[in-house]
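Trainee: I'd like to ask you about the structure that follows.
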Amino acid sequence: MNTYGAVLDDFGMETMLDKVMEEYIRTISKVLFPEVGGSTLDAHHGFVVEYGMDRDLDLGFHVDDSEVTLNVCLGKQFSGGELFFRGVRCEKHVNTETQSEEIFDFSHVPGRAVLHRGRHRHGARATTSGNRINLLLWCRSSVFRELRKYQKDFSSWCAECQREKKERQHQSVSAAKLELLRGGETAT
1 MNTYGAVLDD
11 FGMETMLDKV
21 MEEYIRTISK
31 VLFPEVGGST
41 LDAHHGFVVE
51 YGMDRDLDLG
61 FHVDDSEVTL
71 NVCLGKQFSG
81 GELFFRGVRC
91 EKHVNTETQS
101 EEIFDFSHVP
111 GRAVLHRGRH
121 RHGARATTSG
131 NRINLLLWCR
141 SSVFRELRKY
151 QKDFSSWCAE
161 CQREKKERQH
171 QSVSAAKLEL
181 LRGGETAT
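Shown next as structure tokens:
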């Protein structure tokens, strides 16, 4: 995805990142993201990326290969590079239309971190000046990934699955009302 970056485990940082995941991210994710395995995070992929005029400028619309992602803006002076989020989706619905209530833009500044579901569709706008450097930690749950293989309904976290479920319920209620009205007509 990125041309300018480095995998931190390749530089001997695996143990430190394990501790960050276990002591901080899993603790927070247990509360914020239980429906995607937040309490069972057991693996990670940590890396840094750099954006700038002579680097990658932006990062297109995507989802991460994680259950929970930590994105820390490490620094340097830069303009642009805003993060944009467009709703959480399961694999089946990843390319569906964005609803207006799902639009969220965030100006990432040095020293700040964002913690989000990996399936939250997002991207980074172009860095228009300076250099933006980010540390990313994709946290994964082998338990959640195994359960997901057998699951068909992701309405506990996928916004499109939730909409489809509500629509099915609405249609079911409408059909039941119609049936009741028809039954009342034939009884008279």
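Under UniProt numbering, the first residue of the sequence shown carries the number 1, and numbering increases by one thereafter. Ideal Cβ positions, reconstructed from N, Cα and C, are used throughout, including at glycine.
My assumption, with CB atoms under 8 Å, is that His62 sits in contact with Leu83. Please give the rounded CB distance.
Mentor: Translated into positions along the sequence shown, residue 62 becomes position 62. Translated into positions along the sequence shown, residue 83 becomes position 83. Contact doesn't hold; Cβ gap of about 12 Å is too wide.
Trainee: What do you reckon, are the CB atoms on Ser176 and Gly87 nearer than 7 Å?
Mentor: As a position in the sequence shown, residue 176 is number 176, starting the count at 1. As a position in the sequence shown, residue 87 is number 87, starting the count at 1. Note that residue 176 is Ala in the sequence shown, not Ser. Taking 7 Å as the Cβ cut-off, Ala176 and Gly87 do not qualify as a contacting pair.
Trainee: For Val20, report the span of its beta strand (DSSP E) as first-last.
Mentor: In the sequence shown, residue 20 corresponds to position 20, counting from 1. Per DSSP, Val20 belongs to no beta strand (DSSP E); it is in the alpha helix (DSSP H), 14-20.
Trainee: Quick one: residues in its chain with C-beta nearer than 6 Å to the C-beta of Ser129, no 5 flanking neighbours on either side, listed in chain order?
Mentor: Here residue 129 corresponds to residue number 129 of the sequence shown, with the count starting at 1. Within the same chain, Ser129 has close Cβ partners Ser79.
Trainee: Indicate the three-state DSSP secondary structure (helix, strand or coil) for Ser79 in the structure shown.
Mentor: Sequence index remark: in the sequence shown, residue 79 carries index 79 (1-based). Note: Ser79 maps to strand in three-state DSSP.
Trainee: Which value, in whole angstroms, describes the spacing of the CA atoms of Val49 and His170?
Mentor: The sequence position of residue 49 within the sequence shown is 49, counting from 1. The sequence position of residue 170 within the sequence shown is 170, counting from 1. Taking the straight line joining both Cα atoms gives about 45 Å.
Trainee: Say whether the region 11-21 touches the region 109-127, bearing in mind that this needs 3 or more beta-carbon pairs closer than 8 Å, one atom from each stretch.
Mentor: no
Trainee: Thinking C-alpha only, which one of Glu101, Gly37, Asn95, Tyr51 is nearest Cys156?
Mentor: Working through the sequence shown from its first residue, we reach residue 156 at position 156. The sequence given here places Ser at residue 156; Cys does not occur at that position. Out of Glu101, Gly37, Asn95, Tyr51, Gly37 has the C-alpha closest to the C-alpha of Ser156.
Trainee: Comparing alpha-carbon positions, which option in Gly12, Arg112, Gln77, Gly46 lies nearest Val68?
Mentor: Here residue 68 is taken as the residue at index 68 of the sequence shown, counted from 1. For Val68, the nearest C-alpha among the options comes from Gly46.
Trainee: Express the C-alpha separation of Glu179 and Met65 in angstroms, rounding to a whole number.
Mentor: On the sequence shown, position 65 is the one that residue 65 refers to. On the sequence shown, position 179 is the one that residue 179 refers to. Before going on, a small fix: residue 65 reads as Asp here, not Met. Between Asp65 and Glu179, the C-alpha separation is close to 46 Å.
Trainee: With a 10 Å radius around its C-beta and 16 neighbouring C-beta atoms as the bar for buried, classify Phe11 as buried or exposed.
Mentor: On the sequence shown, position 11 is the one that residue 11 refers to. With fewer than 16 Cβ atoms within 10 Å of its Cβ, Phe11 is classed as exposed.
Trainee: Judging by CA-CA distance, which residue of Leu147, Cys161, Glu146 is the nearest neighbour of Asp153?
Mentor: Position 153 of the sequence shown, counted from the start, is the residue given in the question as residue 153. It is Cys161.
Trainee: Excluding the five sequence neighbours on either side, which residues of its own chain have a C-beta within less than 8 Å of the C-beta of Asp105, listed in chain order?
Mentor: Looking up residue 105 in the sequence shown gives position 105. If we look at Asp105 and ignore the five residues flanking it on each side, its Cβ neighbours are Glu82, Leu83, Phe84, Phe85.
Trainee: Return helix, strand or coil for Cys161, following the three-state DSSP convention.
Mentor: Taking the first residue of the sequence shown as 1, we reach residue 161 at position 161. Reduced to three states, the DSSP call for Cys161 is helix.
Trainee: Would you report the Cα separation of Arg55 and Glu35, rounded to the nearest angstrom?
Mentor: Numbered from its first residue, the sequence shown carries residue 55 at position 55. Numbered from its first residue, the sequence shown carries residue 35 at position 35. Their Cα atoms are separated by approximately 36 Å.
Trainee: If you drop the 5 nearest sequence neighbours on each side, which residues of the same chain put their C-beta closer than 8 Å to that of Arg117?
Mentor: Translated into the one-based positions of the sequence shown, residue 117 becomes position 117. Result list for Arg117: Phe33, Val36, Glu67, Val68, Thr69, Val88, Trp157, in chain order.
Trainee: For Asn71, list the residues DSSP reports as bridge partners.
Mentor: Along the sequence shown, read from residue 1 onward, the residue named residue 71 stands at position 71. Per DSSP, Val114, Leu136.
Trainee: Less than 8 Å between the CB atoms is what I'm expecting for Arg26 and Leu41, so what's the real figure, rounded?
Mentor: Along the sequence shown, one-based indexing puts residue 26 at 26. Along the sequence shown, one-based indexing puts residue 41 at 41. Confirmed, Cβ separation roughly 5 Å.
Trainee: Closer than 6 Å: is that where the CB of Gly37 sits relative to any heavy atom of the ligand FMN?
Mentor: Ligands are entirely absent from the displayed structure, and the ligand FMN is therefore not among its contents.
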